[in-house]
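Have a look at the structure below, then the notes.
Residue numbers (this note's numbering), protein chains in the order written: chain A, 48 to 416; chain B, 3 to 48.
So, in structure tokens, the structure goes:
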């Protein structure tokens, strides 16, 4: 609008001059033309995204299994300074908007990413920035927690990507068909993932129940620290009864993370890394996406044994805010060229008990940028 | 953004133990939309 006003102001002056009237008229069309072109381009991109989503949904209902297929776009993404882009995006979306503009911006966002504005806890005018709106709380009682004591609940709103039992050497989780990553590379080589060495596997099959019972009866904390992790994670296999579930949050989803069960969080691990996009296409084209991106892992224990939760960031949602540790800062500027730094760990006090959380308690939030 | 849960859960005790069993089962399908607080999986108390 500023450019348009300048153009309008410039027009009478140009008419007075007389000679270059036609060229300034051309300029005044240039700005609205560019704006219209940008809007059309964004519209076309959005339409294409919706079309792709629909195709993926149709394929999934038909039982089509997507295979891993690296492409040029994925290689190109590795060259981009995605962390800087993410931080810039965060500072842009963190800018305070004029009150009159807020409902328009948030309604446009909701329309583009299928958010339900009715669920927002506050009136739209009260969210000062898009960043604030993005991590909005929901109205009381909109997400009742399943009361069954023998169930594990979803920690987030999202789409179930994968789930199953971890079996076999390395405890591999399938990213897509043809590409897997190990649970220990996701959670950290020092994780307390209940694994047994390959040599013990046969022995374990014979007395499996005993091993599991033993492990749950003894203090898990004591076992983990008494026996340092010298196992070979590649050839070791998980104890029976170890499960996983991967849930993807779309940009329009509620972006706060809650506790899936009553548990005690004993340790937090923060991995710096890339901030690749995490959409469906990215999972099919970027190898080891989940173990390359920045993430925060919480490990602990619940009534049935081991529990870990990994919150993985993406380009647009790069930082993870941990309510049980408000001082933790993620998506920091990269100080070193190497991405493969060891994770930064913090053991929660009191040692062995950690932070006790109830099912449904709010743990963390994904922030924009 | 994505959240990954890794957890131990009750397993079915097969023929080795003849008594009643408890077993964890997911109650979701791939591609399902799920909301916070909805059940991901259940088990029966033995």
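Note that the Cβ used here is the ideal one computed from N, Cα and C, for glycine as well.
- With 16 or more neighbouring CB atoms inside 10 Å of its own CB, residue 317/A falls in the buried class.
- In this structure, DSSP gives residue 360/A a state outside helix and strand, which the three-state scheme calls coil.
- Sorting 3/B, 9/B, 25/B by C-alpha distance to the C-alpha of residue 238/A places 9/B at the top.
- Counted as a single uninterrupted DSSP element, the beta strand (DSSP E) harbouring residue 43/B occupies residues 41-45.
- Residue 199/A is not a Cβ neighbour of residue 242/A, given a cutoff of 8 Å.
- The Cβ of residue 202/A sits closer than 8 Å to at least one Cβ of chain B.
- In the structure shown, the three-state DSSP call for residue 291/A is strand.
- Note on geometry: alpha-carbon atoms of residue 151/A and residue 214/A lie some 49 Å from one another.
- Along the region 135-163 of chain A, the alpha helix (DSSP H) occurs as fully enclosed runs of 4 or more residues at 149-160, listed in sequence order.
- Scanning chain B for C-beta atoms nearer than 8 Å to the C-beta of residue 361/A yields 3, 4, reported in chain order.
- Sixteen is the threshold: since fewer than 16 other Cβ atoms of the shown chains lie within 10 Å of the Cβ of residue 374/A, the residue is exposed.
- For the C-beta of residue 292/A, the chain B residues within less than 9 Å are, from N- to C-terminus, 5, 6, 7, 8, 9, 28, 30, 42, 43.
- Residue 415/A is a Cβ neighbour of residue 181/A, given a cutoff of 8 Å.
- Beta-carbon to beta-carbon, residue 7/B and residue 28/B are separated by about 11 Å, too far to satisfy the 8 Å threshold.
- Nearest neighbour of residue 103/A by Cα position, chosen from 406/A, 326/A, 394/A, turns out to be 326/A.
- No Cβ-Cβ contact shorter than 8 Å links residue 160/A with residue 331/A.
- Taken in chain order, the members of the region 330-346 of chain A whose beta-carbon sits within less than 8 Å of a beta-carbon on chain B are 337.
- In terms of CA proximity to residue 136/A, 176/A leads the group 283/A, 224/A, 176/A.
- Between the region 302-318 of chain A and the region 90-101 of chain A, the count of Cβ pairs shorter than 8 Å is below three; the stretches do not touch.
- Ranked by how close their Cα comes to the Cα of residue 212/A, the residues 5/B, 34/B, 13/B have 13/B in first place.
- Think of a sphere of 8 Å around the beta carbon of residue 206/A: the chain B residues whose beta carbon falls inside it are 33, 34, 35, 36, in chain order.
- In the three-state reduction of the DSSP assignment, residue 83/A falls in the helix class.
- Annotation for residue 221/A: the continuous beta strand (DSSP E) segment containing it runs 219-223.
- For residue 98/A, no Cβ of chain B is located within less than 8 Å of the residue's own Cβ.
- The beta carbon of residue 190/A falls within 8 Å of a beta carbon belonging to chain B, placing the residue at that interface.
- Under the 8 Å criterion on CB atoms, residue 305/A is classed as interfacial with respect to chain B.
- Going by DSSP, residue 181/A is part of the alpha helix (DSSP H) stretching over 177-181.
- Within its own chain, the residues whose Cβ lies closer than 7 Å to the Cβ of residue 391/A, once the five positions on either side in sequence are excluded, are 317, listed in chain order.
- The beta carbon of residue 287/A sits closer than 8 Å to some beta carbon of chain B.
- For residue 374/A, no alpha helix (DSSP H) segment is defined, and its DSSP state is neither H nor E.
- Residue-level contact by beta carbon fails for residue 216/A and chain B, as no gap is shorter than 8 Å.
- The Cβ neighbour count for residue 188/A, taken over all protein chains shown within 10 Å, is under 16; the residue is labelled exposed.
- In this model, residue 117/A and residue 196/A are separated by some 43 Å (Cα to Cα).
- Under the DSSP definition of a beta bridge, residue 174/A lacks any partner.
- Between the region 121-138 of chain A and the region 354-365 of chain A, the count of C-beta pairs closer than 8 Å reaches three or more; the two stretches touch.
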